[in-house]
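Under my numbering, residues 10 to 433 are what the sequence shown spells out, in order.
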Amino acid sequence: MLGRYTNVEPRRPKGGPDGGRDLQAIYDNTQVVWGAVGFKNSANDSSENKRWVRDKFLSDLESALEKNVDLHGFVFFTNVDLTMGEVDELKTFAAQRGITHTDVFYRERLRQTLDSTEGLAYRLQYLGVSMSLEEQITFLDRIQSARDKELAELKQQQQGIARQIERLEFLNECLRPVQDVGLLIQLNRNCTTTELGHFRAIVEISCGFGPTLQVLHVGGRDFYMDEVDRENCWFGKKTLVWGADSKDIVFSKCDSYPGISDAVGIEFRAPLFRHGQFALVGHFDRTSLDICVTEPLMDQMVAIAFVVNGFVLFEVQRSQIVMSEDVGLTWEVPLEFPELLSNEEAAIRLRRSFIRTADTDNPDLPPPMRNASKEINFQLQTPYKLHLPSLGVGPMPFAAFQMHGVLDLRQDSTPCSAPESVIS
10 MLGRYTNVEP RRPKGGPDGG RDLQAIYDNT QVVWGAVGFK NSANDSSENK RWVRDKFLSD
70 LESALEKNVD LHGFVFFTNV DLTMGEVDEL KTFAAQRGIT HTDVFYRERL RQTLDSTEGL
130 AYRLQYLGVS MSLEEQITFL DRIQSARDKE LAELKQQQQG IARQIERLEF LNECLRPVQD
190 VGLLIQLNRN CTTTELGHFR AIVEISCGFG PTLQVLHVGG RDFYMDEVDR ENCWFGKKTL
250 VWGADSKDIV FSKCDSYPGI SDAVGIEFRA PLFRHGQFAL VGHFDRTSLD ICVTEPLMDQ
310 MVAIAFVVNG FVLFEVQRSQ IVMSEDVGLT WEVPLEFPEL LSNEEAAIRL RRSFIRTADT
370 DNPDLPPPMR NASKEINFQL QTPYKLHLPS LGVGPMPFAA FQMHGVLDLR QDSTPCSAPE
430 SVIS
């Protein structure tokens, strides 16, 4: 109710030695202030009452300074109304005595405080002044607003704790061996095998330079044994994992899911254990990541994500992806697919993606871009956990991916508490 005054402590409200003040408080969370009360019975605004208030103010201030020579804040309460000139006179006297903060609550100011939303409850409790219907509505609105504010603050605290727990969980995961890697693609609608047609998608992860360069590729393509298989399956796919050389295939597996006619997502996910530099989850920190997707699949895509041990290390919305011709490039070097393609399949271009920056919202302007390589940096982001099924037990539940929503990691720029390198 008193605004910038907190920790208000009355001294001896029923009489007795009060140590030179009637109350004590903290002003602006920093300065200790003492307070005195000068109330008269049947007070009015006569010259006699105003002289009495002035003498009471001077007497109480002197008494406070006798008890505390280091006092620099003084507040005075009176039920006699004062003019601004009379208040300034009291403040001037206090300043001459070394007081840097002086506040005077005279009758009109006390009335305004008690009639405010914050003062209605105190007015009813201590003065027995009932609330009007309008004041009751205002008071209840104030309680609801205060409750909503407390709940919002509590939710914010809980979210902060949850983020810290997620951070600790992920940093612990960084010390664990890599169990599986995956490239997840969310589609904009349920697509039949005919609508999907031939598709390919690759993510390239690299770290180091020159002779120390380590490269890992994860991706795949559509795959059916024959047309009968295509007609009877949800869709068939082939997952591939290989190193720097496209002939160095580490993992290859074909999957098909019969009895389902369409798909909301495509998952290329494979087991991986101690492949080159990528032995632990933390080894993916400060790596570069490139994504290539065939053009028809790009048009049907909502988002794409790279996942290690169920943690989404990178994800991007389709709306953030631009192609080379969109940014004025006349050439690009797509990633090489490790298996032989038919002429028809090879004619479907594998396109390297670029990430749109947030420099402009004008759709008529050429979209700015980032470099095609995207850096995975665990200091700037905490990957979240997807609860994926075990490998080989069926299609991924893409509802979990959709419900989480796709994060714009370009906006997650607040550094997290983490060592310079997660894994040295």
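All C-beta atoms in this analysis are idealised placements derived from N, C-alpha and C, irrespective of residue type, glycine included. Note that the coordinates shown come from a computational prediction; the quantities given were computed from them, not determined experimentally.
For residue i, the three-state DSSP class (helix, strand or coil)
i, result
"T303", "strand"
"Q329", "helix"
"V250", "strand"
"G319", "coil"
"V187", "coil"
"G169", "helix"
"R132", "helix"
"A409", "Unreliable placement is indicated for A409, whose pLDDT of 40 sits below 50; the coordinate value is still reported in the next sentence. Reduced to three states, the DSSP call for A409 is helix."
"D264", "strand"
"R365", "strand"
"S270", "With a pLDDT of only 46 at S270, under 50, the local geometry of the prediction cannot be trusted, and the value read off the model is given with reservation. Note: S270 maps to coil in three-state DSSP."
"F293", "helix"
"V259", "strand"
"E345", "coil"
"F282", "coil"
"G29", "coil"
"N53", "coil"
"P404", "For P404, the pLDDT reaches just 44, beneath the cut-off of 50, and the residue's location in the model is therefore unreliable, leaving the point undetermined."
"L389", "coil"
"L180", "helix"
"Q309", "coil"
"L11", "coil"
"L123", "helix"
Alpha carbon of residue i to alpha carbon of residue j, nearest angstrom
i, j, result
"R30", "G169", "42 Å"
"Q105", "L142", "47 Å"
"Q33", "E182", "53 Å"
"T92", "T147", "30 Å"
"V89", "D157", "38 Å"
"D54", "G12", "27 Å"
"L74", "Q165", "44 Å"
"Q309", "I275", "11 Å"
"K383", "Q326", "14 Å"
"V187", "F293", "10 Å"
"E71", "A130", "34 Å"
"T126", "N50", "27 Å"
"I214", "T303", "18 Å"
"F387", "G228", "23 Å"
"E345", "V321", "24 Å"
"R120", "Y393", "55 Å"
"V286", "L163", "First, the amino acid is wrong: residue 286 is Gln here, not Val. Between Q286 and L163, the C-alpha separation is close to 43 Å."
Boundaries of the beta strand (DSSP E) in which residue i is found, first to last residue
i, result
"N352", "Looking at the DSSP string, N352 is not in any beta strand (DSSP E); the run it does join, the alpha helix (DSSP H), is 352 to 355."
"T15", "14 to 19"
"A34", "32 to 36"
"L435", "Residue 435 is absent from the model: the chain starts at 10 and stops at 433."
"Q40", "40 to 47"
"E384", "383 to 385"
For residue i, the nearest candidate out of the options (CA to CA)
i, options, result
"A288", "L184, Q309, K59, V325", "L184"
"L99", "K65, A355, E75, G128", "K65"
"Y36", "F83, K49, R20, Q121", "F83"
"K256", "P280, L74, R295, P347", "P347"
"Y115", "K164, E127, A52", "A52"
"G252", "L222, G206, H396, N386", "L222"
"C200", "V311, R60, F320", "V311"
"G291", "Y14, R365, N318, E304", "N318"
"Y14", "T39, G28, R20", "T39"
"V391", "E175, F102, I300", "Note on residue identity: the sequence assigns Thr, not Val, to residue 391. When each option's Cα is compared against that of T391, the closest is E175."
"L359", "V316, M307, V321, I313", "M307"
"F232", "S351, L177, I258, D124", "S351"
"F86", "I300, G107, T111", "T111"
"A279", "G285, R295, K262, R198", "K262"
"S297", "F244, H226, L249", "H226"
"F102", "D189, H81, G217", "H81"
"V316", "F218, S265, F277", "F277"
"C301", "I330, Q286, G285, R295", "I330"
8 Å Cβ cutoff, residue i in contact with chain B
i, result
"V224", "Although the question refers to chain B, the structure presented lacks it and comprises just one protein chain."
Unbroken alpha helix (DSSP H) run spanning residue i, endpoints
i, result
"N58", "56 to 76"
Secondary structure, alpha helix (DSSP H): runs of 4+ residues fully inside the segment 78 to 118: List check, alpha helix (DSSP H) in window: 93 to 105.
Ordered list of beta strand (DSSP E) runs contained in the segment 200 to 232, each at least 3 residues: Segments of the beta strand (DSSP E) lying fully in the segment 200 to 232: 209 to 216, 223 to 231.
What ranges does the alpha helix (DSSP H) occupy inside the segment 138 to 164, keeping only unbroken runs of at least 4 residues that lie completely in it? none
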